[in-house]
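In the working numbering, the protein residues as written are 1150 to 1502.
By construction, the Cβ of each residue, glycine as well, lies at the ideal position given by its N, Cα and C atoms.
Note that this is a predicted model, so its numbers are computed, not measured.
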Ligand code: NAI
Ligand code: MG
C-alpha cells in the first residue's frame, strides 16, 4: 500500500520522538512492502519562529492532503510570554479543528513489566486496560465568549456544545466499546452543568442502538477518584473535552510515565492525527532522555485506524512488549530492575524486534 504521512515535529522533545516514529514506520514499510512517503512541516513554537504564526497555511494544506499526520509536541518557556493567538498550543488546537478531528482516543494500558513504575500499588494497577474517548473540538476550550471584562475585574469562558457534536463522539465511543469489553462509562457533571445533562440524554438515546454495550453514568469527581482506586473496573470512558484532558493525564500514572501514552485524533473517514499524550518536556529536550514509546505506540494506532493495517499495528505493539519484557526502559520509568537506555537506543531496540 502507498501512504503519504505528514510529520509535524514541533518543539522540545517533539523532533526526537518524531524521528523514532518515522524510523518505526520505515521499518514497517520495509518489512511489509508498503511505500510510505514523508513530508515535514512546522507547527507550534518552531512555526512562530520561522513564519510568525503557530499554524502556517502550508502546514494545514499539507495535512489536508495527507493519509495521516504524526505530531511530536508543541510549546515551551521560550514562547510562554507571547499573546494568546501566537501561543504554540494554538497550532495544535487549530490543526485538530481544521482537520475536523473530533474524537481523541487515548488508550491506557498497565504493562505487566512496568507495574512497579507506577506510584500506585501494583495490585491496584494490575490488569488495567482502558480507553478514554475525549471530545476534542468543542466544549470549554473553544466556546465563545472567552474574555477579561470590567477592566480585568471579571472573566468568562464558555462551555458550549451542539447536540450533533455530542452525538458523534458518543457513537464513536459505543463503537469502540463494541470491539473491546463492551462496557461504557459516560463521565459528566450532570448535577451542576446543563451541558452535562444534555450529554446524559444523548448517551441514553444512543444506547438503544448498542444493546450489547453496558452503560454507566459517572460524575467526573467520582471518576477521578475511581481511576486511581479501581482503574481496572473501566473499559471505555467517554467525556467532554476538558474532563477528558484532565482524566487522561491522571490515568497516565497507571503506566508509570507520560512517556508511555499514545493518542489518536480521528474523524469519521479514518483520517487522523497521531501524537504522544505528553508535551514538549523542555526539561529533558536535546538530552536523548525522551521515551519514544508513546510515539511508537501512536504509530501503531495510525497503522490500525488510518491505514487498516491490523497486522502491522500488532507487530509494533508486540515489539514494544518484547523490549520491555527484555528489561529495557528509559529514565522516566522509575524502576530499579532492568537496563536503562537513552531514547534513541530504545527506539532502535523496538525496530530490531
Ligand atoms: P510535559 O508532558 O512536557 O512534561 C511533564 C513531565 O513529564 C516532565 O518532567 C517531562 O520531562 C516528562 N516527560 C514528558 N514526556 C516524556 C517522555 N516522552 N519521556 C520522558 N519524560 C517525559 O508537560 P509540561 O511540562 O506540563 O509542559 C511542557 C510544555 O509542553 C508546555 O509548553 C506545554 O504547554 C506543552 N504541552 C504540549 C502538549 C502537546 O503538544 N500535545 C501537551 C502538554 C503540554
Ligand atoms: Mg493535557
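Looking only at 1399, 1361 and 1389, the smallest Cα-Cα distance to residue 1375 is reached by 1399.
Using a C-beta cut-off of 8 Å, the stretch 1327 to 1335 makes no contact with the stretch 1283 to 1300, since fewer than three inter-stretch Cβ pairs fall below that distance.
Of the candidates 1378, 1493, 1181 and 1320, 1320 places its Cα closest to the Cα of residue 1360.
Annotated as proximal: residue 1449 and residue 1462, with beta-carbon spacing under 9 Å. Residue 1235 and residue 1206 have their C-alpha atoms spaced approximately 14 Å apart. Taking C-beta atoms as the reference points, residue 1158 and residue 1151 fail to come closer than 9 Å. Residue 1364 and residue 1410 have their C-alpha atoms roughly 25 Å apart. For residue 1392, the enclosing alpha helix (DSSP H) has its first and last residue at 1390 to 1400.
The nearest non-hydrogen atom of the ligand NAI is less than 8 Å from the C-beta of residue 1223. In the three-state scheme derived from DSSP, where H, G and I count as helix and E and B as strand, residue 1186 is classed as strand.
In this structure, residue 1427 has its CB closer than 8 Å to one or more heavy atoms of the ligand NAI. Inter-segment contact for the stretch 1174 to 1189 and the stretch 1435 to 1442 is absent: fewer than three beta-carbon pairs are separated by less than 8 Å. In this structure, the C-beta of residue 1479 approaches the ligand NAI to less than 8 Å from one of its heavy atoms. The beta-carbon distance between residue 1325 and residue 1282, rounded to whole angstroms, is 6 Å. This is short enough to meet the 8 Å contact definition. A heavy atom of the ligand NAI is found nearer than 8 Å to the CB of residue 1406. At a threshold of 8 Å, residue 1415 does not count as near the ligand NAI, since its beta carbon sits no closer than that to any of the ligand's heavy atoms. Taking every protein chain shown into account, the CB of residue 1397 has 16 or more other CB atoms within 10 angstroms, so this residue is buried.
If you draw a straight line from the Cα of residue 1221 to the Cα of residue 1419, it is about 20 Å long.
Within the DSSP bridge table, the entry for residue 1278 names 1258 as partners. In the three-state reduction of the DSSP assignment, residue 1164 falls in the helix class.
Counting the other Cβ atoms within 10 Å of the Cβ of residue 1355 gives 16 or more, which makes it buried. Looking at the DSSP output, residue 1309 shares a beta bridge with no other residue. The nearest non-hydrogen atom of the ligand NAI is 8 Å or more from the C-beta of residue 1487.
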